[in-house]
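Down below is the structure, laid out as structure tokens.
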Amino acid sequence: MGLFSDAMQALYHSGHYGFSINVKKTAPAVDPKEVPAIVALGNLNRTPNFKTWHIDSPYKTPEFTEKLTAALATCDLEMSDLEIKPEIDGRWGDH
Numbered sequence: 001m002g003l004f005s006d007a008m009q010a011l012y013h014s015g016h017y018g019f020s021i022n023v024k025k026t027a028p029a030v031d032p033k034e035v036p037a038i039v040a041l042g043n044l045n046r047t048p049n050f051k052t053w054h055i056d057s058p059y060k061t062p063e064f065t066e067k068l069t070a071a072l073a074t075c076d077l078e079m080s081d082l083e084i085k086p087e088i089d090g091r092w093g094d095h
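In the working numbering, the protein residues as written are 1 to 95.
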């Protein structure tokens, strides 16, 4: 079971990087699912008040940050409104 489990985890996690994004309370409420450039970054989930996002993306942190910066140019948010937390816990090949 251990070998099978490791293989499935490798298959699932290869090329996927998770990012939690916290939006400051003072920032405007923007639904990221209504911004096509943000949706294009990967699988997106957000809280109902749009203050916490989770994006499962194929991009590593530097490229993701660059693409997110460009995406924010099309909405009311700025990079200073966001806190990006890469999630590398248990990702295959990152430990």
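The C-beta atom is built at its ideal place from N, Cα and C for all residues, glycine as well.
Every value quoted in this text rests on a predicted model; they were computed, and no experiment measured them.
Exposure label - residue i; buried when at least 16 CB within 10 Å
i, result
"Pro48", "exposed"
"Ser20", "exposed"
"His95", "Because the pLDDT at His95 is just 41, under 50, the model does not fix this residue reliably, and the point stays unresolved."
Range of the contiguous beta strand (DSSP E) that encloses residue i
i, result
"Lys85", "Leu82 to Glu87"
"Val23", "Tyr17 to Val23"
"Asp56", "Thr52 to Ser57"
Within 8 Å, strictly: CB atoms of residue i and residue j
i, j, result
"Ile74", "Val35", "In the sequence under discussion, the amino acid at residue 74 is Thr, which differs from the Ile named in the question. Cβ atoms of Thr74 and Val35: closer than 8 Å."
"Phe50", "Asp76", "no"
Residue range of the alpha helix (DSSP H) that includes residue i
i, result
"Thr61", "Thr61 to Leu72"
"Val39", "Pro36 to Val39"
Separation of residue j from residue i, as counted between CA atoms
i, j, result
"Ala37", "Asn43", "12 Å"
"Pro58", "Ser80", "23 Å"
"Arg91", "Asn45", "Only weak support is given to the placement of Arg91: the predicted model assigns it a pLDDT of 48, under 50, and the question is left unresolved by the model."
"Lys85", "Ala71", "17 Å"
Sequence-distant residues of its chain with Cβ nearer than 8 Å to residue i (five each side left out)
i, result
"Thr52", "Ser20, Ile21, Asn22, Val23 and Arg46"
"Val39", "Pro32 and Lys33"
Neighbourhood of residue i by C-beta distance below 7 Å, restricted to the same chain and skipping five residues each side
i, result
"Thr69", "Met79"
"Lys67", "Leu41 and Tyr59"
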